[in-house]
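A.B. asks: With the sequence shown counted from 1, adding 8 to any position gets you this note's numbering.
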Amino acid sequence: MEYYAREETWDRERIERTQVVRLKNTLAQALRSPFYKEHLEAAGIRPENVAGLGDLRRIPFTTKEHLRAAYPYGLVAVPRDELVRFHASSGTTGPPAVVCHTQDDLDTWADLMARCMYMVGIRKGDVFQNIAGYGLFTGGLGIHSGAERLGCLTIPAGTGNTRRQIKLLRDMKVKALHIIPSYALYLGKAVQEEGEDPRSLPPAIALVGAEPHTEEARGRIEDLLGLKAYNSYGLSEMNGPGVAFECTEQNGLHVWEDAYIAEIVNPESDEPVPDGELGELVMTTLSRRGMPVLRFRTRDLTRFLPGDCPCGRKHRRLDRIAGRVDDMFIVKGCNIYPMQVEQALMSFREVGENYLIILDNEDGMDRMRVQVEVRGEYFVEDMRALTSLQRRIASRLHDEILVTPKVELAQPNAIPRTEGKAKRVEDRRAGKA
Ligand code: AMP
Ligand code: ZN
9 MEYYAREETW DRERIERTQV VRLKNTLAQA LRSPFYKEHL EAAGIRPENV
59 AGLGDLRRIP FTTKEHLRAA YPYGLVAVPR DELVRFHASS GTTGPPAVVC
109 HTQDDLDTWA DLMARCMYMV GIRKGDVFQN IAGYGLFTGG LGIHSGAERL
159 GCLTIPAGTG NTRRQIKLLR DMKVKALHII PSYALYLGKA VQEEGEDPRS
209 LPPAIALVGA EPHTEEARGR IEDLLGLKAY NSYGLSEMNG PGVAFECTEQ
259 NGLHVWEDAY IAEIVNPESD EPVPDGELGE LVMTTLSRRG MPVLRFRTRD
309 LTRFLPGDCP CGRKHRRLDR IAGRVDDMFI VKGCNIYPMQ VEQALMSFRE
359 VGENYLIILD NEDGMDRMRV QVEVRGEYFV EDMRALTSLQ RRIASRLHDE
409 ILVTPKVELA QPNAIPRTEG KAKRVEDRRA GKA
């Protein structure tokens, strides 16, 4: 097995021993920031109180609200002139949650990212196209720096302009690309609409992430584009991409536990859940000086996959993200996650690439509608076939979510796409707008 970093060969004992040392260092560093000085002192936590990973639980959680309240520099733990980069997390209203990095922080991040890419077969000299926003969004510069660190010829393609993206993939003989899953499907379709086979595009590897997607969606991306798609997980508060990544086994995402501590807790009781059970991911940075973050409540739902990975790495694996704690919506008393809907929809070969869940309220009654695009070749079929499809989708959804939504079939590309991360739910119910 070829590794990018020696940390990939560490056994559990080595990983956990390092985590304790780095956790103590991180605590000491965090105490230099105004926010943690107060937050940790209030809880009576000092580095010397931490003897083992068991003491982690005594450290109070950090939430997105804490980060926002400390906007912009409250968590910074170094003199201001050591900071060289600023990012912010996406999709927020009000003050953003910002993250500031020193040059060392950026170097570590680039190495972590390069490690992910190497793990799935990307090598120095390969051409890499980064189809991601190059603004505050960390999928742009974060992935970019990893690719350069590895020695790839890196194309900062940015988002949009699908035609040009496709041309670059072809002309530059791109070996690997980074793309969000909803756009990957769109891009494949766009090639088909030009009368070409998207499988003939050069890339053999795609890094897909930044938004929740199902195993079914991954399968579709791989079939459509004729490549291997690897799930890439990260969040700005923990740098961005490069936190957890699938190996070639495609069976869970290894968390780089030499750089982070991952915990999974019950979002209501805050207690750790047993391995294999779904809960909220809580993350701690171990190698960041500019802005250490301790026990951050990610709001992302996942579980640890039990057992060892055949690839040999001992870094624990996370299951693909099932959704966000705040993604859940309730219809007629049933708790529903968008990914349950996606899973049901994508199991129909007639169903196209885009869908939207619309919730509204009529006479005090919740109503759920699912708009779903049908693939071109099926949309031309007769009414009877379409009505039957509608019925089968509704019944399949009922099996999955215990509510029977109204299913509305749409033509390909009829449902508007959002720039960046896909928006899957529109809640128009009173008080939810
Ligand atoms: P950002 O605000 O841009 O830092 O986005 C981070 C969030 O994007 C995470 O907390 C997740 O909710 C989501 N995300 C990132 N990568 C993935 C992934 N591979 N699968 C599912 N959700 C993801
Ligand atoms: Zn593995």
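Even for Gly, the Cβ is constructed at its ideal location relative to N, Cα and C. If you're wondering where the values come from, they're calculated on a predicted model, not measured in any experiment.
Who are the near neighbours of valine 339 in its chain, counting only those whose CB is closer than 7 Å to its CB and skipping five residues on each side?
C.D. replies: Mapped onto the sequence shown, residue 339 falls at position 331. Result list for valine 339: Leu367, Asp374, Met376 and Val411, in chain order.
A.B. asks: For the beta strand (DSSP E) that contains aspartate 327, what are its first and last residues?
C.D. replies: Taking the first residue of the sequence shown as 1, we reach residue 327 at position 319. Counting along the chain, aspartate 327 falls outside any beta strand (DSSP E), and DSSP gives it neither H nor E.
A.B. asks: Under 6 Å from any heavy atom of the ligand ZN, by CB: list those residues in chain order, please.
C.D. replies: Cys255, Glu257, His262, Cys317, Cys319 and Arg321
A.B. asks: The ligand GDP heavy atoms versus the CB of valine 128: any closer than 8 Å?
C.D. replies: Of the ligands one can find in the structure shown, namely the ligand AMP and the ligand ZN, none is the ligand GDP.
A.B. asks: Relative to the C-alpha of isoleucine 151, which candidate in Leu177, Gly360 and Ile187 has its C-alpha closest?
C.D. replies: Counted from its first residue, the sequence shown places residue 151 at position 143. Minimum Cα distance to isoleucine 151 is reached at Ile187.
A.B. asks: By the DSSP assignment, the alpha helix (DSSP H) with arginine 122 in it spans what residues?
C.D. replies: Here residue 122 corresponds to residue number 114 of the sequence shown, with the count starting at 1. The residue asked about is misnamed: residue 122 is alanine in this sequence, not arginine. That run of the alpha helix (DSSP H) goes 111-127.
A.B. asks: Just to confirm, is the Cβ distance from threonine 292 to valine 301 under 9 Å?
C.D. replies: The residue labelled residue 292 in the question sits at position 284 within the sequence shown. The residue labelled residue 301 in the question sits at position 293 within the sequence shown. Yes, the Cβ-Cβ distance between threonine 292 and valine 301 is below 9 Å.
A.B. asks: Would a C-beta distance cut-off of 9 Å place proline 103 and proline 80 closer than the cut-off?
C.D. replies: Here residue 103 refers to the residue found at position 95 when the sequence shown is read from its first residue. Here residue 80 refers to the residue found at position 72 when the sequence shown is read from its first residue. Their beta carbons are under 9 Å apart, which means proline 103 touches proline 80 by this criterion.
A.B. asks: Whole angstroms is fine: what's the gap from tyrosine 363's alpha carbon to leucine 83's?
C.D. replies: Working through the sequence shown from its first residue, we reach residue 363 at position 355. Working through the sequence shown from its first residue, we reach residue 83 at position 75. Between tyrosine 363 and leucine 83, the C-alpha separation is close to 39 Å.
A.B. asks: Quick one: using the 10 Å Cβ neighbour count with 16 as the cut-off for buried, is cysteine 255 buried or exposed?
C.D. replies: Locating residue 255 in the sequence shown gives position 247, where the first residue counts as 1. By the 10 Å Cβ count, cysteine 255 comes out buried.
A.B. asks: In the DSSP output, which residue or residues are listed as bridge partners for phenylalanine 312?
C.D. replies: Position 304 of the sequence shown, counting from 1, holds the residue named residue 312. Under DSSP, phenylalanine 312 shares a beta bridge with Leu326.
A.B. asks: Does the Cβ of serine 355 have 16 or more other Cβ atoms within 10 Å, making it buried, or fewer, making it exposed?
C.D. replies: By 1-based counting over the sequence shown, the position of residue 355 is 347. Around the beta carbon of serine 355, a 10 Å sphere encloses fewer than 16 other beta carbons of the protein chains shown; the residue is thus reported as exposed.
A.B. asks: Which residue or residues does DSSP assign as beta-bridge partners of glutamate 15?
C.D. replies: Counting from one through the sequence shown, the residue named residue 15 turns up at place 7. BP columns for glutamate 15 are empty, so no partner.
A.B. asks: Is the region 319-327 close to the region 16-35, with three or more CB pairs under 8 Å?
C.D. replies: yes
A.B. asks: Assign phenylalanine 145 to one of two classes, buried (16 or more other C-beta atoms within 10 Å of its C-beta) or exposed (fewer than that).
C.D. replies: Within the sequence shown, residue 145 is the residue found at index 137, counting from 1. Label assigned to phenylalanine 145: buried.
A.B. asks: State whether the region 46-60 contacts the region 279-293, with contact taken as three or more CB pairs (one from each stretch) at a distance under 8 Å.
C.D. replies: no
A.B. asks: What do you reckon, is the C-beta of phenylalanine 145 under 8 Å from a heavy atom of the ligand AMP?
C.D. replies: As a position in the sequence shown, residue 145 is number 137, starting the count at 1. The answer is yes for phenylalanine 145.
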